[in-house]
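Just so we're aligned: 3 in numbering that gives the first Met the number 0 is position 4 of the sequence shown, and the numbers increase by one with no gaps anywhere.
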Amino acid sequence: MATLPSLQSIREQLRQSPFIPEMATELGVSVEEYIEQVAHFALQPHPEPQLAVVETDALLAQGHTPPREEDMAGYLDRAVLAAGAEHRTGFTPATRGPVSLTGEALEAPEPDPQREELQAYLELQRLKARITRD
Numbered sequence: 000m001a002t003l004p005s006l007q008s009i010r011e012q013l014r015q016s017p018f019i020p021e022m023a024t025e026l027g028v029s030v031e032e033y034i035e036q037v038a039h040f041a042l043q044p045h046p047e048p049q050l051a052v053v054e055t056d057a058l059l060a061q062g063h064t065p066p067r068e069e070d071m072a073g074y075l076d077r078a079v080l081a082a083g084a085e086h087r088t089g090f091t092p093a094t095r096g097p098v099s100l101t102g103e104a105l106e107a108p109e110p111d112p113q114r115e116e117l118q119a120y121l122e123l124q125r126l127k128a129r130i131t132r133d
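Have a look at this one:
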């Protein structure tokens with residue numbers, strides 16, 4: 000099993016990325032907070048999910064309007080239909096070969112586990128944002 004990089008090295012790599020300030024701004028958090036979250040998930044790729052069960056009255060008292068059961072059922076039905084309608088192929092960025100404009104053969108670079116973790120984290124955030132919009 001590969002060893003994970005140190006927290007300090009992850010932080011340094013993230014600080015050097017030109018995309019981090021933009022991502023933090025899009026998510027509405029400070030750059031440091033964003034870096035800490037990404038570093039946390041990079042070092043703990045399979046953390047236990049955080050789930051809070053809150054009574055409806057408590058949500059209302061906090062100013063939140065909980066979804067009705069019928070609305071949630073409709074949302075889940077639409078999500079299942081959309082997932083079934085998606086056509087997936089085996090052609091992914093990980094399986095395609097590198098392309099050369101000169102026509103010469105290129106070797107594929109080794110996959111970067113930190114990049115894959117970051118992509119998975121960002122996809123999760125996109126899904127969370129999509130769920131809260133619906």
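C-beta atoms are modelled at their ideal positions from N, C-alpha and C, and glycine is treated no differently.
All values derive from a computational prediction rather than experimental measurement.
Might you give, ordered along the chain, the residues of its own chain that have their beta carbon closer than 7 Å to the beta carbon of residue i, omitting 5 neighbours on each side?
i	result
Val-37	Leu-13, Leu-117, Tyr-120
Val-30	Ile-19, Pro-20, Ala-23
Val-79	none
If you draw a straight line from the C-alpha of residue i to the C-alpha of residue j, how long is it?
i	j	result
Thr-24	Asp-56	33 Å
His-39	Ala-128	20 Å
Thr-2	Glu-11	18 Å
Arg-114	Thr-101	28 Å
Pro-66	Glu-35	31 Å
Pro-46	Pro-4	17 Å
Leu-50	Gly-27	22 Å
Does DSSP put residue i in a helix, in a strand, or in coil?
i	result
Ser-8	helix
Tell me the residue span of the alpha helix (DSSP H) that contains residue i.
i	result
Ala-23	19-26
Exercise for the section: Write down every uninterrupted run of the alpha helix (DSSP H) in the segment 37-74 whose length is 4 residues or greater and which is fully enclosed by it, in chain order. Expected result: 55-60
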